[in-house]
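K.L.:
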């Protein structure tokens, strides 16, 4: 009898740990949502995948530990694990990791902008100078085109007279 109770106690502890693992998995999704913008459609897909993966995870745990038999204390163990994790650690982990990742992304953006700044300066400098040259060439093009039209008109008049 005591061996049976020991096995059930171990299973209860495993289900508590499973509840914590499911909470961590959901927090990974929450962190991803804070770092990368999501549409409602993608959020629904992520939630659906979360529940499918969590269900398969729990099924595998129960199948290996208890031959797939679902008992009340198994459900209570998972709920206790989830509640403990979300009450104690979830808020701090999600906020801390999200802020850290966003800070790293901001740093990377600043470094990239610092690296690209000389190139942007050179390109802007060239474009400014090119704009003046472009304006001169455009005026020259229009002048030449106007002169060619006059010549064409004169040639047509000469041809008609002949």
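In the numbering used here, the protein residues as written are 1378 to 1539.
Beta carbons: idealized from backbone N, C-alpha and C, even for Gly.
Quick one: is residue 1532 buried, meaning 16 or more other Cβ sit within 10 Å of its Cβ, or exposed?
P.N.:
To locate residue 1532, count along the chain shown from 1; it is residue 155. Its Cβ having fewer than 16 others within 10 Å, residue 1532 is exposed.
K.L.:
Run the CB neighbour count on residue 1424, radius 10 Å, all protein chains shown included, and call it buried at 16 or more, exposed below.
P.N.:
In the chain shown, the residue the question calls residue 1424 occupies position 47. Exposed, because fewer than 16 other Cβ atoms sit within 10 Å of the Cβ of residue 1424.
K.L.:
Of the choices 1419, 1448, 1484, 1433, whose alpha-carbon is the least far from that of residue 1389?
P.N.:
Taking the first residue of the chain shown as position 1, residue 1389 is located at position 12. The shortest C-alpha separation from residue 1389 is found at 1448.
K.L.:
Using DSSP with H/G/I as helix, E/B as strand and the rest coil, what is residue 1410?
P.N.:
For the purposes of this step, residue 1410 is taken as residue 33 along the chain shown, with counting starting at 1. Of the three classes helix, strand and coil, the one that applies to residue 1410 here is helix, per DSSP.
K.L.:
Taking all protein chains shown into account, do 16 or more other C-beta atoms lie within 10 angstroms of the C-beta of residue 1462, making it buried, or fewer, making it exposed?
P.N.:
The residue labelled residue 1462 in the question sits at position 85 within the chain shown. Under this definition residue 1462 is a buried residue.
K.L.:
Confirm, please, whether the CB-CB distance from residue 1397 to residue 1438 is below 8 Å.
P.N.:
If you number the chain shown from 1, residue 1438 lands on position 61. If you number the chain shown from 1, residue 1397 lands on position 20. No, they are not a contact pair.
K.L.:
Does residue 1447 come out as helix, strand or coil in the three-state DSSP assignment?
P.N.:
Walking along the chain shown from the start, residue 1447 turns up at place 70. Three-state result, residue 1447: coil.
K.L.:
Which whole-angstrom value is the C-beta distance of residue 1475 and residue 1412, which I expect to be below 8 Å?
P.N.:
Residue numbering aside, residue 1475 sits at position 98 when the chain shown is read from its first letter. Residue numbering aside, residue 1412 sits at position 35 when the chain shown is read from its first letter. Confirmed, Cβ separation roughly 6 Å.
K.L.:
In angstroms with no decimal places, state the Cα-to-Cα distance between residue 1454 and residue 1399.
P.N.:
The residue you call residue 1454 lines up with position 77 of the chain shown. The residue you call residue 1399 lines up with position 22 of the chain shown. Their backbone Cα atoms lie some 12 Å apart in a straight line.
K.L.:
List, from N- to C-terminal side, the alpha helix (DSSP H) runs of 4 residues or more that fit wholly inside the region 1461-1502.
P.N.:
Within the region 1461-1502, no complete alpha helix (DSSP H) run reaches 4 residues.
K.L.:
Just to confirm before moving on: does the CB-CB distance between residue 1403 and residue 1427 stay below 8 Å?
P.N.:
For the purposes of this step, residue 1403 is taken as residue 26 along the chain shown, with counting starting at 1. For the purposes of this step, residue 1427 is taken as residue 50 along the chain shown, with counting starting at 1. Yes, the pair counts as a contact, with Cβ atoms nearer than the cut-off.
K.L.:
Let me confirm a value: residue 1416 is counted as buried when at least 16 other C-beta atoms fall within 10 Å, else exposed. Which label applies?
P.N.:
The residue given as residue 1416 occupies position 39 in the chain shown. Under this definition residue 1416 is an exposed residue.
K.L.:
Return the chain-ordered list of same chain residues with a C-beta closer than 6 Å to the C-beta of residue 1478, the five sequence neighbours on each side being excluded.
P.N.:
As a working note, residue 1478 is residue 101 in the chain shown. So the list reads 1412, once near-sequence residues are dropped.
K.L.:
Are the beta-carbon atoms of residue 1458 and residue 1379 separated by less than 8 Å?
P.N.:
On the chain shown, position 81 is the one that residue 1458 refers to. On the chain shown, position 2 is the one that residue 1379 refers to. No.
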